[in-house]
Structures are given as C-alpha cells and as structure tokens.
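Just so you know, the protein sequences line up as chains A and B, in that order. The numbers in full-length UniProt numbering rise by one with no breaks, and the one at position 65 of the first sequence is 65. The numbers in full-length UniProt numbering rise by one with no breaks, and the one at position 54 of the second sequence is 54. Don't be surprised by glycine CBs; every beta carbon is placed ideally from N, CA and C. Note that this is a predicted model, so its numbers are computed, not measured.
There are 2 protein chains.
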Amino acid sequence: MYLFPNAAPPANAGRSAVSDAGRVVGATTVLFHEGDSADTLYEVVTGVFRATKIFPDGRRQVVAFAYPGDIIGFGHGDAYRFDCDALTPARVHAAGRGEVLQAMRTDPELGEKLLSMAAGEVATMQDLSMLLCRKSAMERIAGFLISLAARTGKEANDQRVSLPMCRADIADHLGLTIETVSRNMTKLRARGIIDLPNRGCFVIRDLNRLRQLAESETGTR
Amino acid sequence: MYLFPNAAPPANAGRSAVSDAGRVVGATTVLFHEGDSADTLYEVVTGVFRATKIFPDGRRQVVAFAYPGDIIGFGHGDAYRFDCDALTPARVHAAGRGEVLQAMRTDPELGEKLLSMAAGEVATMQDLSMLLCRKSAMERIAGFLISLAARTGKEANDQRVSLPMCRADIADHLGLTIETVSRNMTKLRARGIIDLPNRGCFVIRDLNRLRQLAESETGTR
DNA sequence: CGGATCGTTGATAGGGCTCAACTTTGGTGG
DNA sequence: CCACCAAAGTTGAGCCCTATCAACGATCCG
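Below, the structure written as structure tokens:
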C-alpha cells in the first residue's frame, strides 16, 4: 500500500543507482544533493536514508533518517535543502512533483494524505528541535535509541535492533560529538541497560530504565 | 489577501479573547493549550504569537514565534502539540479544519497553497534544528535578531525593530539561558553592532558584522 | 513612592568539546 | 589463511563555553 504506486520511473537518481520500474535500488546511492531541482518526491520502501545538511565551514547536521513508509522531499522549495543518500541497500518509489500536484486535483483524498504526511514531518522536526533545545547528552542518546527501536517495531527488551548509521551520523543528528556518543553508549552498556553485541546493531535490555533516562538525566546510577 | 477570508467565527478561543466577525483580538490571549482538540487553523493578521511546549519537569521550549501571514495549527494531529498565546494585541483569521479540508475538494489551488505553507513550516523547523544543533550562543542570537528584522521588513541598518518577546522567551527558543542571552546582547551593543534603546526593541547598527557573527563565531572582536 | 517584574552583571562549576592515543573491526591482497 | 591497512570506535586528560547561583539595577504600574 504505497502512496505513489503507479509513479513513472524517475530520471537517474545518482551514481550507482539502478532503476527498476519506478523503483531505485542501491547501497550508498545518492538520491539528490542540496541545490538540485526539487522535482521528485520519494517514498522509502526498503532500507534507511540519511538527510544531511553541510554548513560552509564544514559543520554538519543529519536532519533526519528516513525509514520505510517515510516520504522524502517535503519542506523544500524549488531546490532541495539538503543531501540525501542511502545508508543501506534500499528501494524507493519516486514520483514527479508535478504529477503529484496534478493527481491531487482529481483525487482530493491524496491531498489530505499529503497534508497529513507534511504535518507528521513538522511534528518530527518539532520533536527534534525540542530534543536539541533542552536535553542532556544522555537524554538525547537514550531517546534516539528508543525512537529507532520504535520505528523498526522492536520496542521491547532483548530484541536486536539494527543501527545502520555510524557514530558520526548519530552525533551530527543529536548535536553531539562522536566521543560523547561513544562514552554514553558505553555507560549504558556498563549499567546493563543496553547491549552492543556487534557493530551495526544494539539490544535494549531494560526499556524502562532507558525510558527514564530519555526523560530526565537524574536516573544516574 | 488572506487564506481564510470568509471563515466562520471560531468558538471562544480563550480567556480575554474578543471575537469579531471571524477575527480574534486580545493581548496575552490564549489561542489554545497543548492537548486541546486541534480543530481550528489560524492565520495571523496582526500581532505576534508564541508557541510554547512545556516539559513535565518544567523545562520549556518556545517552538516558534508567529508573525502576520503565518499559519498556526499545522503539524498537529487531533490535539494541539503545544500552547499558543499572543505576545501583543493581535488579530487572527480562524477556520475550522473540517471546513478547510472540505474547501480543498472544490478548490485544488487551496490544496497546493496549504501544502506549500506546510513545506515552509517544515523548512522553518529544519532551520531551527540546525541552529540548535551546531551553533554557539552568539551565532544563535545574531541569527535570531537578523531573522526578526527580516520578518518585520526592517532588514537594514539603523531601523528600530520591535522585540515583543522577553529574554526568557528568546532563551527558551534558542536553547540558552536568560543570562547568556543578556550577556551576548550586551556584548553586541558594546561592539557597536546593535543598539538597545528601550525595552521591547533593538536597532541593527552594522548588519554585515551581525551577519558574520551569525555564520561563524570567529568574528570575535 | 514602593513593589514587582524584567534585565544585567559577577563568580563559580560542570558538561561536553578538543586533542590525542589506542583498540577493534572489516576488507584486501599476497 | 593470515598479514596488513584503513576506517570506525573507545578511552583519557584538560579546557572552554555555557549553566547555575546570587546580587544588583532598571523599568513599569499602581
């Protein structure tokens, strides 16, 4: 059940992209760069994408991670406002912006759907800004891990959750440094709250305590 | 030229509200509280509004300030996600969410308009999150003052810009404390970059230097 | 004039950043 | 299969920016 089931194939979307009847497959595929003409909307079918904004002086923010079901391409004017690439092999549905607007004229439900997706996007960004505004490093990391578990449907104890992004991505998403992310993850493991069996995944051992930490850092022990 | 010119009068929107043929007038009027049923969209006609999120432990974030032309009420599901009140005497146009969705069915242009307003809202929140993610106190404050000047059409040297929000509001918007805001504003004044003639307003004396500070804190002198 | 709120200024401390070294992981080629 | 190397992650020491706590000054309104 996709938003753009019958969309036309997009123009070649970047290096190493493989187009397949309205879908794009590839690992580390670049969907688009900042400044590119924002003429396509994407819906993630499989895999995880990363939206990155790079400042002139090299500072970086990972604006969002996009999971299956998420729409990429809102919040831009005529040009994309950040880079977007895949962290894993991935598939997307693509649709031209013009086509979608056209389809909206004949199908009012699509308009409502898009509007509510946009509202969801706004809500997500508000949550991020609240996190960045007032939370400590530990609160941010605990909250981030919980949100990953929730998005992948593994929000329970002792389930292996995939962590496709590296420490630098997490740091640049949460407004921290690699070292601070690493130290706090180590601390969480030392307290038995999470486990880090391999690179690229984690396991929640005590969801309740993790939730407490995400709310207030005073759960310190 | 308003988005909801013929909207019906809203239900009484809060204490000290005065309703007037589809408009609401009042100072410190509360438009809505977090948790209220999100059934109305507002367009600011006059005045300045403040959207505030309060955490269980008392921490606060001012999610946004809304100026004339801005739409309030996107990014919520069924219930509003934050409080909203007026910082100054203000007028708004109000429209029921259902009405707007209904109107969208007959007027596809309205749909596109709403979608592009939502996109603008997303962009605003992305900018805020980038600011909160990677910028120093001085960069945040310089950038904030510039954005206020731009929004009120006074983005030039030696114009008096209204500053309707108090230090606490600015601090809670930028993720800083009252003291840090105060100190940095004082520093800007000491360097001749801005002037603070009265409470409730400021004047940009050197827009170029203020712009530099907003980009990189290394303009330190 | 007096009180309350808002804003400023000072002293101190702490959380996270910076710089740096080291360890682990994963991939590559002999 | 193993040695080697680059990239990713961890750990440590020290410092800086901003928060915190506290006192003081300014402004507004009765």
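Bridge-paired residues (DSSP) for residue i
{"i": "Q61(A)", "result": "K53(A)"}
{"i": "A66(A)", "result": "F49(A)"}
{"i": "V44(A)", "result": "V92(A)"}
{"i": "V181(B)", "result": "In the DSSP output, where bridge partners are listed per residue, V181(B) has none listed."}
{"i": "S37(A)", "result": "A79(A)"}
{"i": "R160(B)", "result": "V203(B)"}
Neighbourhood of residue i by C-beta, 8 Å cutoff - its chain only, sequence neighbours within 5 removed
{"i": "N208(B)", "result": "none"}
{"i": "S216(B)", "result": "E139"}
{"i": "D78(B)", "result": "S37 and A38"}
{"i": "P68(A)", "result": "V44, V45, T46 and G47"}
{"i": "D158(B)", "result": "V203, I204 and R205"}
{"i": "D127(A)", "result": "none"}
{"i": "P56(A)", "result": "none"}
Beta-carbon proximity check, residue i vs residue j, cutoff 8 Å
{"i": "V203(A)", "j": "R160(A)", "result": "yes"}
{"i": "R97(A)", "j": "A38(A)", "result": "yes"}
{"i": "R205(B)", "j": "D195(B)", "result": "yes"}
{"i": "N184(B)", "j": "M138(B)", "result": "yes"}
{"i": "I193(B)", "j": "V181(B)", "result": "no"}
{"i": "G153(B)", "j": "A214(B)", "result": "no"}
{"i": "L132(A)", "j": "L132(B)", "result": "yes"}
{"i": "L174(A)", "j": "L115(B)", "result": "no"}
Beta-carbon separation (whole angstroms), residue i vs residue j, contact threshold 8 Å
{"i": "F82(B)", "j": "T52(B)", "result": "6 Å"}
{"i": "R151(A)", "j": "R134(B)", "result": "Contact flag wrong, Cβ pair sits at about 24 Å."}
{"i": "H76(A)", "j": "E43(A)", "result": "So it is not a contact: roughly 15 Å between Cβ atoms."}
{"i": "T106(B)", "j": "V48(B)", "result": "About 33 Å separates the two Cβ atoms, so there is no contact after all."}
{"i": "D172(A)", "j": "V62(A)", "result": "5 Å"}
{"i": "V122(B)", "j": "A118(A)", "result": "7 Å"}
{"i": "S129(A)", "j": "M104(B)", "result": "Actually they do not touch by this definition, with Cβ atoms about 28 Å apart."}
{"i": "Y80(B)", "j": "G120(B)", "result": "At roughly 19 Å, the Cβ-Cβ gap does not stay under 8 Å, so Y80(B) and G120(B) are not in contact."}
Nonlocal neighbours in the same chain, by C-beta distance under 7 Å from residue i, ignoring five residues either side
{"i": "R167(A)", "result": "I178, V181 and S182"}
{"i": "L110(A)", "result": "A103 and M104"}
{"i": "M165(A)", "result": "R50, F65 and L87"}
{"i": "T186(B)", "result": "none"}
Contact set for residue i: own chain, Cβ-Cβ below 6 Å, skip 5 residues either direction
{"i": "L163(B)", "result": "G200, C201 and F202"}
{"i": "A64(A)", "result": "A51"}
{"i": "L176(A)", "result": "A137"}
{"i": "I54(A)", "result": "R60"}
{"i": "D70(B)", "result": "V44"}
{"i": "G73(B)", "result": "L41 and Y42"}
{"i": "A156(A)", "result": "none"}
{"i": "L188(A)", "result": "I194"}
{"i": "L145(A)", "result": "none"}
Contact test: residue i Cβ vs the ligand GDP heavy atom, cutoff 7 Å
{"i": "E121(B)", "result": "By its list of ligands, the structure shown contains no ligand whatsoever, and the ligand GDP lies outside what it can speak to."}
Original post:
Could you give the uninterrupted runs of the beta strand (DSSP E) lying entirely in the segment 115-157 of chain A, keeping only those of 3 residues or more?
Top reply: none
Original post:
Along the chain, which unbroken stretches of the beta strand (DSSP E) at least 3 residues long are found entirely within the segment 69-115 of chain A?
Top reply: 83-86 and 90-96
Subject >> Minimum length 4: unbroken alpha helix (DSSP H) runs contained in the segment 192-220 of chain A >> reply: 207-215
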